[in-house]
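Chemist: Handing you this structure, nothing more for now.
In this note's numbering, the protein residues as written are 406 to 466.
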């Protein structure tokens, strides 16, 4: 794979993790965190959206 794409994907995953932790889903067990990620109303549920935005920005960069 392209090196820039791998770097962009790594940055996107890191930003998604930071976003999930920043927006109030701290201290959950793995099961609770997985449930929060699948709930679109949850702040952590928006983390995949942040990851997608960051990944597309990294791709265009």
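Even glycine gets a Cβ: it sits at the ideal position worked out from N, Cα and C.
On a predicted model such as this, the values are computed, not experimentally measured, just so you know.
(1) Suppose you measure from the CA of residue 457 to the CA of residue 463; what does that come to, to the nearest Å?
(2) How about residue 460 and residue 422: are their beta carbons less than 9 Å apart?
(3) Would you identify the three-state DSSP class for residue 415, choosing helix, strand or coil?
Modeler: Inspection of the coordinates gives the following:
(1) For the purposes of this step, residue 457 is taken as residue 52 along the chain shown, with counting starting at 1. For the purposes of this step, residue 463 is taken as residue 58 along the chain shown, with counting starting at 1. So the two alpha carbons sit approximately 10 Å from each other.
(2) As a working mapping, residue 460 is identified with position 55 in the chain shown. As a working mapping, residue 422 is identified with position 17 in the chain shown. Not in contact: residue 460 and residue 422 (Cβ atoms no closer than 9 Å).
(3) In the chain shown, residue 415 corresponds to position 10, counting from 1. If DSSP states are grouped into helix, strand and coil, residue 415 belongs with the helices.
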